[in-house]
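Visitor: Dumping the structure here so I can ask a few things about it.
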Amino acid sequence: MGKKRKHSEADVAATVKKDEGAPDRPKRTLLGWKDKVEDKESDSAVFRNKEKVLVTCSRRINYRYRHLMMNVVSILPHCKKDNKVESKESKGATLNELVELKGCSSCLFFECRKQKDLYLWMVKCPNGPSVKFLVNAVHTMEELKLTGNHLKGSRPVLTFSTNFDKDPHWKLLKEMIMQIFGTPKDHRKSKPYHDHVFVFSIVDDHIWFRNYQISVPHTEADKMDRGALDKMTLVEVGPRFCLNPIKIFGGSFGGPTLYENPLYVSPNQIRALEKKQKAGKYAKKVKAKKRRKMHEMSNPLEPDEFADMWKE
Amino acid sequence: MNNVAVEDLDEDHLGSGSEPESESEDEDVKLMEPSTNSIYNRDGLPDKLGDISWIENEEWIHKLSLDVDREQEVDVNDDLARELSFYTQALEGTRQALMKFQSTWLPFLRPSHYYAEMVKSDAHMQKVKGRLLSEKRKIEEAEERRKAREAKKIAKEVQAQKLKERAKQKKEEIESVKKWRKQRQQSGFGGGDKDGEIGLSFEDGKSFEKSNKKRQGVAPGDRSGGKANQNWGKGKKGAGKKRKSRDFKNSKFGFGGRKGLKKQNTADSTNSLRGFNNNNFSGSKRGK
Chain A
110 MGKKRKHSEA DVAATVKKDE GAPDRPKRTL LGWKDKVEDK ESDSAVFRNK
160 EKVLVTCSRR INYRYRHLMM NVVSILPHCK KDNKVESKES KGATLNELVE
210 LKGCSSCLFF ECRKQKDLYL WMVKCPNGPS VKFLVNAVHT MEELKLTGNH
260 LKGSRPVLTF STNFDKDPHW KLLKEMIMQI FGTPKDHRKS KPYHDHVFVF
310 SIVDDHIWFR NYQISVPHTE ADKMDRGALD KMTLVEVGPR FCLNPIKIFG
360 GSFGGPTLYE NPLYVSPNQI RALEKKQKAG KYAKKVKAKK RRKMHEMSNP
410 LEPDEFADMW KE
Chain B
1396 MNNVAVEDLD EDHLGSGSEP ESESEDEDVK LMEPSTNSIY NRDGLPDKLG
1446 DISWIENEEW IHKLSLDVDR EQEVDVNDDL ARELSFYTQA LEGTRQALMK
1496 FQSTWLPFLR PSHYYAEMVK SDAHMQKVKG RLLSEKRKIE EAEERRKARE
1546 AKKIAKEVQA QKLKERAKQK KEEIESVKKW RKQRQQSGFG GGDKDGEIGL
1596 SFEDGKSFEK SNKKRQGVAP GDRSGGKANQ NWGKGKKGAG KKRKSRDFKN
1646 SKFGFGGRKG LKKQNTADST NSLRGFNNNN FSGSKRGK
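Heads up: the sequence lines are chains A and B, in that order.
In this text, residue positions in the first sequence follow the working numbering: the first is 110, and each later residue adds one.
In this text, residue positions in the second sequence follow the working numbering: the first is 1396, and each later residue adds one.
See below:
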């Protein structure tokens, strides 16, 4: 303990004397000689985006949603795909551990219930907020109508509609989406050139996702031809989905609820209501008939003048 | 009917007051929002946002995100308008992004010789191409069929018109000959100068106008009317079929057809050795 104090004092003294002119001796460390210059660079905090996303799904997932997950894996080069998670383990604690184990900073968990409804969890670990979405309107990349194609691993351009800045919960979602769906700059698996663009826009309180390939006529890699901006076309690559936010939690996979969507109705409820609507069909019919009869009896028709015109 | 439906639902109501009420209208289920139930932690949200967000004025090249304004409200159910709004948002965003990229002097557009793994496999893109081509072909075929139909209609009309004209012409000519004969009779087969006064319609010189149809030069002794060698140069396959057409038969046998299989030879057919050389090896008829 004493030694340490002395050392640090000496260090302070050394730095004080620095501007006296003589070039410094490189500091001796265990690993070798370390120049002062290096210290300065790391001090200025070059921002390194070390985002890593873990992508998993629950068991008993539908084929369409599984393909959606595979598509998401292919468009995010900074993700790690993991095995299917047992349904009991999707309650939070085990998933957190899994994410820690894999060394990831966020997670996209595709949870499929009843093989019909897909819920997407977007979570920032270890103690970041998490959001649960209901996913609708899924179109995967394999559809032949989505004809575009782009480089696998190229960094996307993210576009958000301006209504993301209207409310705090949208702002939070925007930040999360930007961090999860944006590929880090010098990631190992990322490729150069930017040739596709993601679109996130809020319509009817749902977040719609689209992915387009940018095709602009050009001859050189670092600048466009004159007037090429007007000839730029976008071809849809896919996938497509629509997210309906259900709840935002303060912790990862749980925690205090920060936001609850008032307009959200669970798909189970919708199905139940539809069934109820159809349930009373027969009873309603019988009632309607009875009502008609009562009405007829209470308001008798006047005898028709021409009733026995054609009588034999 | 609808009134009854609503009444029934109210009677069977579950009694969960805080749950959203549902009013069913035909197939859609319309829901009202619970006014007081939903949690909205307006203070906690920005705190969390501060927790996770990166350093404030980080370079744009890390974020690569843009905000695009959407001018008009889009109806969710109108597919075309919705997709169009997404497309315009993307277009506007990419324009801004490309301007920014250009100012960084870094390569951002993929050169055409850059081959790397794409997000969709080549086999898949072949399928896409096949589908696009087949669609194009279908459209083209439909177009062609429609055009052919139209052309056929028009051609038929033109044909009918032509036939009518020809019949009219023929009639007129016959009428004019009759008139001429009558006039001649009436004038009592008079002298030559009187004939010259009567305007004879068929001597106008117009009736010898050539028709547009190409007709090959016919040799005087040719009984087939020039149609025997018509397709000789064109092709051997078509020649057989063409020879049986109505025009050919008319020219060869005259109006009225074959007339009993007599006199089939034309100048060319007498001179041709069609059936002789092939039967060299078919064996002699008599042993001699």
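Where a beta carbon is used, it is the ideal one built from N, C-alpha and C, also for glycine.
Just so we're clear, the structure is a prediction, and the values are computed from it rather than from any experiment.
Need the endpoints of the beta strand (DSSP E) that A/P376 sits in, please.
Guide: Counting along the chain, A/P376 falls outside any beta strand (DSSP E), though it belongs to the alpha helix (DSSP H) covering 376 to 388.
Visitor: Quick check: what's the CA-CA separation for A/K396 versus A/A388?
Guide: Going from the Cα of A/K396 to the Cα of A/A388 covers about 14 Å.
Visitor: One question on the structure: do A/L210 and A/L229 come within less than 8 Å of each other, judged by their Cβ atoms?
Guide: No, Cβ-Cβ distance for A/L210 and A/L229 is not below 8 Å.
Visitor: Quick check on this structure: which residue in A/H303, A/Y172, A/L255 has the alpha carbon closest to the alpha carbon of A/Q224?
Guide: When only C-alpha atoms are compared, the closest one is A/Y172.
Visitor: In angstroms, rounded to a whole number, what distance separates the CA positions of A/I355 and A/V240?
Guide: Going by the C-alpha atoms only, they are around 7 Å apart.
Visitor: Within the 8 Å Cβ cut-off, does A/L267 reach chain B?
Guide: So, interface residue.
Visitor: If we cut at 8 Å on Cβ distances, does A/T249 have a partner in chain B?
Guide: No, A/T249 does not count as interfacial toward chain B.
Visitor: In this structure, how does DSSP classify A/Y321 when only helix, strand and coil are distinguished?
Guide: Correct three-state label for A/Y321: strand.
Visitor: Between A/H259 and chain B, is any beta-carbon pair separated by less than 8 Å?
Guide: True, the Cβ-Cβ gap to chain B drops below 8 Å.
Visitor: Taking only beta-carbon atoms, is B/R1505 less than 8 Å away from chain A?
Guide: Yes, B/R1505 lies at the interface with chain A (some Cβ there is under 8 Å from its Cβ).
Visitor: How would you label A/S292, buried or exposed, when you count the other beta carbons within 10 angstroms and need 16 or more for buried?
Guide: The question names Ser, but residue 292 of chain A is Thr in the sequence shown. So A/T292 counts as buried.
Visitor: Measure from the alpha carbon of B/H1508 to the alpha carbon of each residue in A/L260, A/T203, A/V312, A/K393, then state which is nearest.
Guide: Nearest C-alpha to B/H1508: A/L260.
Visitor: Is the beta carbon of A/K294 closer than 8 Å to that of B/H1519?
Guide: No, they are not a contact pair.
Visitor: Give the straight-line distance between the Cα atoms of A/M418 and B/K1559, rounded to the nearest whole angstrom.
Guide: Roughly 60 Å between the two C-alpha positions.
Visitor: Three-state secondary structure (DSSP) at A/R175?
Guide: In this structure, A/R175 counts as helix in the three-state DSSP scheme.
Visitor: Against A/E369, what residues of chain B qualify as contacts under a CB-to-CB distance less than 8 Å, listed in chain order?
Guide: Per Cβ cutoff of 8 Å: N1432, S1433, I1434, Y1435.
Visitor: A/K280 versus chain B: which residues are under 7 Å apart at the beta carbon?
Guide: Going along chain B in sequence order, the residues near A/K280 (Cβ under 7 Å) are L1444.
Visitor: Select from A/Y368, A/P265, A/V162, A/K394 the residue whose C-alpha is nearest the C-alpha of B/W1455.
Guide: Nearest of A/Y368, A/P265, A/V162, A/K394 to B/W1455, Cα basis: A/P265.
Visitor: Quick one: grab the DSSP three-state call for A/I170.
Guide: It is coil, neither helix nor strand.
Visitor: So, under 8 Å CB-CB, A/V346 and A/H305 are touching, yes? Tell me the CB distance rounded to an integer number of Å.
Guide: Confirmed, Cβ separation roughly 6 Å.
Visitor: So A/M231 packs on B/T1489, CB below 8 Å; how close in whole Å?
Guide: At roughly 25 Å, the Cβ-Cβ gap does not stay under 8 Å, so A/M231 and B/T1489 are not in contact.
Visitor: Going by Cα to Cα distance, which pick from A/K332, A/K159, A/K384 is closest to B/M1494?
Guide: Considering only alpha carbons, the answer is A/K332.
Visitor: Can you tell me where the alpha helix (DSSP H) holding B/W1375 begins and where it ends?
Guide: The requested residue 1375 of chain B does not occur in the structure, where chain B is confined to residues 1396 to 1683.
Visitor: Which residue comes first and which comes last in the alpha helix (DSSP H) that contains B/G1439?
Guide: From DSSP, the alpha helix (DSSP H) with B/G1439 extends over 1439 to 1447.
Visitor: With distances taken from CA atoms, which of A/T256, A/P326, A/Y302, A/K159 is nearest B/Q1521?
Guide: For B/Q1521, the nearest C-alpha among the options comes from A/T256.
Visitor: Mind pulling the chain A residues with CB within less than 9 Å of B/V1553?
Guide: What B/V1553 touches in chain A: nothing, since even the nearest Cβ is about 44 Å away.
Visitor: I'd like the span of the alpha helix (DSSP H) that includes B/R1579, first residue to last.
Guide: Counting along the chain, the alpha helix (DSSP H) containing B/R1579 begins and ends at 1517 to 1581.
Visitor: Are the C-beta atoms of A/F242 and some chain B residue less than 8 Å apart?
Guide: For A/F242, the answer is no, since every Cβ of chain B falls outside 8 Å of its Cβ.
Visitor: For the beta strand (DSSP E) containing B/H1457, name the first residue and the last one.
Guide: Looking at the DSSP string, B/H1457 is not in any beta strand (DSSP E); the run it does join, the alpha helix (DSSP H), is 1455 to 1458.
Visitor: The alpha helix (DSSP H) with B/K1658 in it runs from where to where?
Guide: No alpha helix (DSSP H) contains B/K1658, which DSSP labels as neither H nor E.
Visitor: DSSP three-state call for A/R222: helix, strand or coil?
Guide: If DSSP states are grouped into helix, strand and coil, A/R222 belongs with the strands.
Visitor: Could one say the Cβ of A/M341 lies closer than 8 Å to chain B's Cβ atoms, at least one of them?
Guide: Yes, contact with chain B.
Visitor: Determine, for A/T203, whether the minimum Cβ-Cβ distance to residues of chain B falls below 8 Å.
Guide: No, A/T203 does not count as interfacial toward chain B.
Visitor: Do A/T271 and A/V308 have their CB atoms nearer than 8 Å?
Guide: It is not a contact, given that the beta carbons lie outside the stated cut-off.
Visitor: Output the boundary residues of the alpha helix (DSSP H) element that contains A/P277.
Guide: Counting along the chain, the alpha helix (DSSP H) containing A/P277 begins and ends at 277 to 290.
Visitor: Counting C-beta neighbours from all protein chains within 10 Å, is the total for A/N205 16 or more, i.e. buried, or is it exposed?
Guide: Its Cβ being crowded by 16 or more others within 10 Å, A/N205 is buried.
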